[in-house]
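For reference, the structure discussed in these notes is given below.
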Amino acid sequence: MYVKERHRKELRNQGYTVIKNVVTEKQCDKWIDEYKVWLSQFKEDEWPFTAHSLLQRYNTGNFETTWKARLATQKVFSELWHTEKLLTSIDAIAIGRPPETSDEDFARPGQHWLHCDQDAQRIGLHAYQGGLYLETADEDDWTFHVLKGSHAFIGEFYNTNKNAAFRSCLNKYYHLKDEHIEWFEAKGCKQTRVAAPKGGMVLWDSRLIHANVRPVEGRKNSERWRFVVLSCMGPAIWASKKDIEIKRNAYNSVAMTTHWPCQGVNMMKSQIPSFCRSDVTMPTEHCKTAKSKTAKELCGVNSYNFKDEKSNGPHWTPEWGEELSVPSDKMANSKFQINTTCVAVFVLSLVVLFIAYQFTN
C-alpha cells in the first residue's frame, strides 16, 4: 500500500504529503538518461524554453519516458481515490540544471512563484496533483515550495479578495502578491521547502498555495539536477461529455492538457515557441505506451463500465459556485479605459479628416 492513513491526514491538515518508493532508483536513473538524450540536441550555450524549470512546450507530456512515468503513478492515485477508473492529465515535466555549473539563478530573498491552481469558482476539494521525483530533492535543492495549510483558507481568501477571485477565474490560476502571502502567514501558513526522495511522489491539494523554488547558494549537493514528472488523476465518473470530448481531442491530436483531469479540462500549448529554434525533435505521433489500453482509458478514449461491481470512487462530486462577474472597481476602470479610447479615436479621426481636407484644397 502506498497511500496510508498518515498520508491522508497530512493532505487534510497541511495540504500535501510525501510518498516514498513509488518507483525504484534504478528506474529513475534510466528515465533521467532518456531525458538527457533528448536534451543532448541542445548546444552547451542553449537550453529549451522553460518557466520555473517547467518544460511545458516541445510536447514533453507525450514523450515515451513521460508516459511510462505517468503510468507508474496510477497505482498511487488509484489508492488515493479508491478506484481504478481514473482519468489523467497529459501534463508537463520539470528539469532544472545546477546553478553552480550553468546560467541558472540561485534562490533570491523575496523572490517567489507562489500561486494557486484552483480558481474561485471551484469550491472545496477538486483534485490532488502529483510530482514523481526522479532525483532526490533536499530542502536546499530545486524543490517544492508551499504555504503549509493554505488550502484550508483559499475559500476565505477569495471571498475577501474579489479582484483576486475574479482574476483566478479569468486565468484559471492565481499568482499571489506579497501582501497576499502575508495574509496567509497571518493565518499560520508557514513558507516551507518540501524535501522528496528519489523515486517518491509529492501529492498536494489543488487549493494549496505552492510553487517550486530554486536551489540555495552553497547547498550540500552542488551537482544535483531537478527531474520531476507531473501527473494528476481523478475519478472518471466526474467527467462530463464535454470534458471527455476535449480529452479525446487532445489524445487524437497528440496534445498536452492542463493538470485538471476530469472537470474543466483544457488543452495546453505544447508546440515550440516561435522565438526558439525549431529544429528540435518532439512527439508528433503516439508512442507505444500511449497506445496501450490503460493509457486510452486514462485519456477517455476507451470508456469505463460504471455499472459493474467495482468502485467508481467517492460518493460525492466536486462543488462549483456561480460564475463571477467583474468587480465594480474593475468595471469602472474598464469604462474609463473605453471612454478614453473612444475620445482618442474621435480626435484621431478629426486629424485624418483635416489632413485629407488640406490635400484636396
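Numbering (numbering that gives the first Met the number 0), first residue to last: 0 to 360.
Think of the CB as a built atom: it goes at the ideal place given N, C-alpha and C, for glycine as much as any other residue.
- Between L131 and S230, the gap from beta carbon to beta carbon is short of 8 Å.
- Rounded to the nearest whole angstrom, the CA to CA distance from R213 to K309 is 43 Å.
- Counting C-beta pairs closer than 8 Å gives fewer than three between the segment 64-75 and the segment 218-226, which falls short of the contact rule.
- Short of 7 Å from the beta carbon of T288, and not among the five residues preceding or following it, lie these beta carbons of its own chain, in chain order: E63, W66, K67, L70 and A294.
- Across the structure, A235 and E138 are spaced so that their CA atoms are roughly 35 Å apart.
- One thing to note: D90 has its Cβ no nearer than 8 Å to the Cβ of S167.
- Assignment of S230 by DSSP, reduced to helix, strand and coil, places it in the strand class.
- Here M232 really is in contact with L86; their C-beta atoms are around 7 Å apart, less than 8 Å.
- Of the residues A185, D116, R247 and W315, the one whose Cα lies closest to the Cα of L169 is D116.
- T316 and N211 do not touch by the CB rule: their CB atoms are close to 31 Å apart, not below 8 Å.
- Distance between K29 and V36, taken at the CA atoms: about 11 Å.
- Annotation for G95: the continuous beta strand (DSSP E) segment containing it runs I92 to G95.
- Going by DSSP, N170 is part of the alpha helix (DSSP H) stretching over K161 to N170.
- Taking 8 Å as the cut-off, the Cβ atoms of Q128 and S205 count as close.
- By the Cβ-count criterion, A50 is exposed, with fewer than 16 other Cβ atoms from all chains shown falling within 10 Å of its own Cβ.
- Assignment of beta-bridge partners to T87 by DSSP yields M232.
- Every alpha helix (DSSP H) of 4 residues or more that sits fully in the segment 245-326 is shown, in chain order, as 292-297.
- Residue pairing by DSSP places F143 opposite V193 and N211 in a beta bridge.
- In this structure, the alpha-carbon of V264 lies about 20 Å from that of L202.
- Contact annotation: Y15 and V227 have beta-carbon atoms that are not nearer than 8 Å.
- Of the candidates M255, N160, G299 and A254, G299 places its Cα closest to the Cα of S239.
- Just so you know, the alpha carbons of S277 and I271 end up roughly 7 Å apart.
- In the structure shown, R11 falls within a helical segment according to DSSP collapsed to helix, strand and coil.
- Put simply, of S101, D307, I94 and N248 the residue whose alpha carbon is nearest the alpha carbon of Y34 is I94.
- L38 carries a helical assignment under DSSP once its states are collapsed to helix, strand and coil.
- Taking E318 as the centre and dropping the five residues before and after it, the same chain places the C-beta of I122 and G123 closer than 6 Å to its C-beta, in chain order.
- The C-beta of H314 has fewer than 16 other C-beta atoms within 10 Å across all chains shown, which makes the residue exposed.
- For Q55 and A249, the gap between their C-alpha atoms comes out near 15 Å.
- Counted as a single uninterrupted DSSP element, the alpha helix (DSSP H) harbouring L70 occupies residues E63 to A71.
- In the three-state DSSP reduction, H150 falls in the helix class (H, G or I).
- Going by DSSP, W182 is part of the alpha helix (DSSP H) stretching over D177 to A185.
- As far as DSSP is concerned, C188 takes part in no beta bridge.
- About 6 Å separates the CB atoms of V21 and G198; that is less than 8 Å, so the two are in contact.
- A direct Cα-to-Cα measurement between Y173 and H114 gives close to 5 Å.
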